[in-house]
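Enquirer: I have a structure here, written as structure tokens, and I will follow up with some questions on it.
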Amino acid sequence: MRYRERLEQAGVKFFEAGFLDLEGNMRLRIFPVKVFDKIASEGYGFDGYSTGFVGVEDSDLVAVPDLSTLRIYSAGGERRALVICDIYKDDKPLEIDPRYMLRTFVKSLTYNVKVGLEPEFYILEGKNPVDNSSYMYSILRTDVHTVLTELINVLQETHIEVTLLHHEVGPGQFEITLPYGDPIEVCDNYIFLKHFLRVYTNFRGLGVTFMPKPFTDKPGNGLHVHISAIKGDTHLFGDEELSEEGMYFMGGLLEYARNICLYTNSTINSYKRLIPGFEAPVYPVWGRGNRSVLVRIPNYRRKDTIRLEYRAPDSSGNVYLTLLAVLWAGNRGLIEKIEPGYEFPFNAYRERPNVNPIPSSLEEAIKLADKRPIESGYGKLVDIKVKEWRDYTKYCSELKIDPKSPVVSEWEWRRYLYR
Numbered sequence: 099m100r101y102r103e104r105l106e107q108a109g110v111k112f113f114e115a116g117f118l119d120l121e122g123n124m125r126l127r128i129f130p131v132k133v134f135d136k137i138a139s140e141g142y143g144f145d146g147y148s149t150g151f152v153g154v155e156d157s158d159l160v161a162v163p164d165l166s167t168l169r170i171y172s173a174g175g176e177r178r179a180l181v182i183c184d185i186y187k188d189d190k191p192l193e194i195d196p197r198y199m200l201r202t203f204v205k206s207l208t209y210n211v212k213v214g215l216e217p218e219f220y221i222l223e224g225k226n227p228v229d230n231s232s233y234m235y236s237i238l239r240t241d242v243h244t245v246l247t248e249l250i251n252v253l254q255e256t257h258i259e260v261t262l263l264h265h266e267v268g269p270g271q272f273e274i275t276l277p278y279g280d281p282i283e284v285c286d287n288y289i290f291l292k293h294f295l296r297v298y299t300n301f302r303g304l305g306v307t308f309m310p311k312p313f314t315d316k317p318g319n320g321l322h323v324h325i326s327a328i329k330g331d332t333h334l335f336g337d338e339e340l341s342e343e344g345m346y347f348m349g350g351l352l353e354y355a356r357n358i359c360l361y362t363n364s365t366i367n368s369y370k371r372l373i374p375g376f377e378a379p380v381y382p383v384w385g386r387g388n389r390s391v392l393v394r395i396p397n398y399r400r401k402d403t404i405r406l407e408y409r410a411p412d413s414s415g416n417v418y419l420t421l422l423a424v425l426w427a428g429n430r431g432l433i434e435k436i437e438p439g440y441e442f443p444f445n446a447y448r449e450r451p452n453v454n455p456i457p458s459s460l461e462e463a464i465k466l467a468d469k470r471p472i473e474s475g476y477g478k479l480v481d482i483k484v485k486e487w488r489d490y491t492k493y494c495s496e497l498k499i500d501p502k503s504p505v506v507s508e509w510e511w512r513r514y515l516y517r
């Protein structure tokens, strides 16, 4: 059966085909279902200059659907479809397409890496959190249980499993954990999660934000990355105790943490989350079960296979670039045999480690950025982020406020709230 027939039999009249730009914005087009087979075969052309990928003088690019990502779902009484695309230039993969870069890097590794993501988000009514509940409060007793139930149902309908869903520390703040898998597949599922969540909250007259720090006095939204690796039949990081390879991988994460923040924490607002006191990391140190450090080894059960949790990232950037940078840093640790230093068993906000903290602003992250994780797209991303910093400092200058103030500004709300 052709894909068009499958969609028509499912009652789909229109489908969306899209991709993420370098900043992580979803770019998509809507087509009638009658042209699906043509778009699936040939792709569709778009302006690569306006989407930030290439110069204006040679800006014709093509988005080609990856049919393995086709998802059919229900919303507002309609049947809909969404498919993620790869980007091509002159019939070849675009080298600075983040999805292509991550796929290429993962294929180059000598071991199989698996990742899991923990996106946090606020559900809003107007500009305020939708409830006043706190950590692990029963979702059935909140005002948004219907939205979240619909979300879980549509994720299951589209074969995207959810490991858990719970209320986070902030009022109206939630976390959904996506299961371990191939990095590309996990990123794709994360994109679907964000898309579906926006659709379902909108139908209920609500909003959702993954903005790193929407409220000055409330916890921020992270995108914690869990990592494990397998080589042959061996868990590379160890079964019950951290292996030498696990130490080296963690050493790379810590050594290069300051240099990959441009990719893992890519907005001005990101650095208002990375402050003491809100379970967000400030210092590149590691510990077991310690939520004040950058790299945490989950320590719920002594016999668990070792995995590493990298706690800095947020959802404001391109998730493919985020994972690429994190995996690149860990892999450099393996190659260079970087020792991670001693475990830090203390509260890193009170007992400050004797290491340089991660950047405190987007300006500092730009200066420290290592171009190697995304060498082909580095210049484009830096140009975008330099302009972003200049625009923000101009705004701050006009209002006579410090651009490095931890107070969340109206400028940030306008720019990042619904990214």
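Numbering (the numbering used here) for the sequence shown: 99 to 517.
From the three backbone atoms N, C-alpha and C, an ideal C-beta is built for every residue, glycine too.
The structure presented is a predicted model; accordingly, all values stated were derived computationally and were not measured.
(1) Among all the DSSP beta bridges, which residues are the ones paired with His264?
(2) Considering only C-alpha positions, which residue in the set Glu193, Ser503, Cys183, Pro451 is nearest to Asn143?
(3) What separation, rounded to the nearest whole angstrom, lies between the Cα atoms of Ile436 and Leu276?
(4) Tell me the DSSP secondary structure of Asp97 in three-state form.
(5) Can you list, in chain order, the residues of its chain whose CB lies under 6 Å from that of Pro227, leaving out five sequence neighbours each side?
(6) Give me, in chain order, the residues of the same chain whose beta-carbon lies closer than 8 Å to that of Ile373; leave out the 5 immediate sequence neighbours on both sides.
(7) His264: buried (16+ other C-beta within 10 angstroms of its C-beta) or exposed?
(8) Helix, strand or coil: how does DSSP classify Tyr354 here?
(9) Return the chain-ordered ranges of every alpha helix (DSSP H) run that is complete within the region 212-261 and spans a minimum of 4 residues.
(10) Taking only three categories from DSSP, how would you classify Pro130?
(11) Have a look at Glu218, Leu295, Gly279, Lys478 and flag the residue whose alpha-carbon is nearest the alpha-carbon of Met309.
(12) The alpha helix (DSSP H) that contains Gly281, what's its start and end?
(13) Can you name the start and end residues of the beta strand (DSSP E) that Ala173 belongs to?
(14) Less than 8 Å between the beta carbons of Tyr209 and Ala327, yes or no?
(15) Could you name the residues of the same chain whose beta carbon sits closer than 7 Å to that of Tyr476, not counting the 5 residues immediately before and after it, in chain order?
(16) How do the region 194-206 and the region 114-133 stand: do at least 3 beta-carbon pairs fall below 8 Å, yes or no?
(17) Residues in its own chain within less than 6 Å of Thr314 by CB, not counting five upstream and five downstream?
(18) Would you list the residues sitting across from Ser326 in a DSSP beta bridge?
(19) Does the separation of the CB atoms of Asn363 and Ala463 fall below 8 Å?
(20) What residue does the alpha helix (DSSP H) around Glu106 start on, and which one ends it?
(21) State the start and end residues of the unbroken beta strand (DSSP E) segment that holds Asp184.
Expert: Once the coordinates are examined:
(1) Its beta-bridge partners are Glu273.
(2) According to the sequence provided, residue 143 is Gly. The question's Asn does not apply to it. Ranking the options by Cα distance to Gly143, first place goes to Cys183.
(3) Ile436 and Leu276 have their C-alpha atoms some 30 Å from each other.
(4) As displayed, the chain neither begins before 99 nor continues past 517, which places residue 97 out of reach and without an answer.
(5) Contacts found: Tyr220, Pro269, Gly270.
(6) Closer than 8 Å at Cβ, skipping near neighbours: Val380, Pro504.
(7) With fewer than 16 other Cβ atoms within 10 Å, it is exposed.
(8) Of the three classes helix, strand and coil, the one that applies to Tyr354 here is coil, per DSSP.
(9) Runs found: 243-255.
(10) Strand.
(11) Taking the Cα of Met309 as reference, the smallest distance to any Cα among Glu218, Leu295, Gly279, Lys478 is reached at Glu218.
(12) Residue identity check: residue 281 is Pro in the sequence provided, not Gly. Run containing Pro281: 281-301, per the alpha helix (DSSP H) assignment.
(13) Bounds of the beta strand (DSSP E) holding Ala173 are 169-173.
(14) Pairing Tyr209 with Ala327 gives a Cβ-Cβ distance under 8 Å.
(15) Counting only Cβ-Cβ distances below 7 Å, and skipping sequence neighbours, we find Lys469.
(16) Between the region 194-206 and the region 114-133, the count of Cβ pairs shorter than 8 Å is three or higher; the stretches touch.
(17) The answer, listed in chain order, is Val505, Val506.
(18) DSSP, once it has assigned bridges, lists Lys212 as partnering Ser326.
(19) Yes. Within cutoff.
(20) Looking at the DSSP string, the run of the alpha helix (DSSP H) that includes Glu106 is 101-107.
(21) Looking at the DSSP string, the run of the beta strand (DSSP E) that includes Asp184 is 176-187.
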